[in-house]
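Report on the structure given below.
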Amino acid sequence: MADKLPRTNGDGLPVVPMTEEQKYIFDLKGWIALPGLLSEAELEPVREHQLRFLRDRDSLPPQERDNHGGASQILLDHPVVVGVLNEILSHQSLATEDCYGFRYDHTHTSLREAGHDNFNPHGGGGFFNFEGNSHIYQMLPGRVHAGLTRVVWELNEVGPGDGGTLFLSGSHKTAFPRPESL
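So, in structure tokens, the structure goes:
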């Protein structure tokens, strides 16, 4: 399958494919955490851009007045994220070396201050689960397809008890064999 998928991202960096362990954990839980993808030197300008975008948008150059503009562009197609999305979202008929086989629907920025309490779980419920629905989690021969995948970046360190983003594991039965390393 990977023969038609881009081998580099928009910055020319090599795309990093998912490991067998990551595939297994994603299939088991419905999510994976990939800490440490950005260095502090990469994170600082992204944080600055996001805060200016939220608090003083007009101070940004016009072409950076979006939450994925300016320094934050590196969040859109990080080589590891592209590798994950290639595995769980891409369509071979759409992919070329110059075009990802998936699309981003939208982006947004959330700012949580200390004491923030906005626990709002959300999700499907299956009310509009039509036959052939590409949004549901499904196992295709040899691969996963998860149409409503969300990429979340925590731009600040999150420790135990700090709050942060919560992920609820699904009741997935794994279709991939458990790697010996797990």
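My numbering puts the first residue of the sequence shown at 1, with every later residue one more than the last.
We treat Cβ as the ideally placed atom computed from N, Cα and C, and that holds for glycine.
Local Cβ density within 10 Å of residue i, reported as buried at 16 or more and exposed below that
i           : result
residue 78  : buried
residue 146 : buried
residue 50  : buried
residue 105 : exposed
residue 90  : buried
residue 27  : buried
residue 6   : buried
residue 94  : exposed
DSSP beta-bridge partners of residue i
i           : result
residue 140 : 143
residue 14  : 8
residue 96  : 99
Limits of the unbroken alpha helix (DSSP H) element including residue i
i          : result
residue 44 : 40-55
residue 79 : 79-88
residue 28 : 20-29
Cβ distance (whole Å) where residue i is taken to contact residue j below 8 Å
i           : j           : result
residue 111 : residue 60  : With 8 Å as the limit, residue 111 and residue 60 do not qualify as a contact, their Cβ atoms being about 16 Å apart.
residue 29  : residue 96  : The Cβ separation is near 31 Å, so there is no contact.
residue 92  : residue 101 : 6 Å
residue 85  : residue 19  : Incorrect: roughly 15 Å between the Cβ atoms, too far for contact.
residue 80  : residue 140 : That pair is no contact at about 22 Å.
residue 67  : residue 109 : 4 Å
residue 178 : residue 24  : 6 Å
residue 169 : residue 21  : No, residue 169 and residue 21 are not in contact; Cβ-Cβ is about 16 Å, not under 8 Å.
residue 46  : residue 76  : Contact flag wrong, Cβ pair sits at about 11 Å.
Any non-hydrogen atom of the ligand MN within 8 Å of residue i CB
i           : result
residue 114 : Although the ligand MN was asked about, the structure shown includes no ligands whatsoever.
Problem - Cβ contact (3+ pairs, closer than 8 Å) linking the segment 9-18 and the segment 156-164 - result: Judged by Cβ distances under 8 Å, the segment 9-18 makes no contact with the segment 156-164, as fewer than three pairs qualify.
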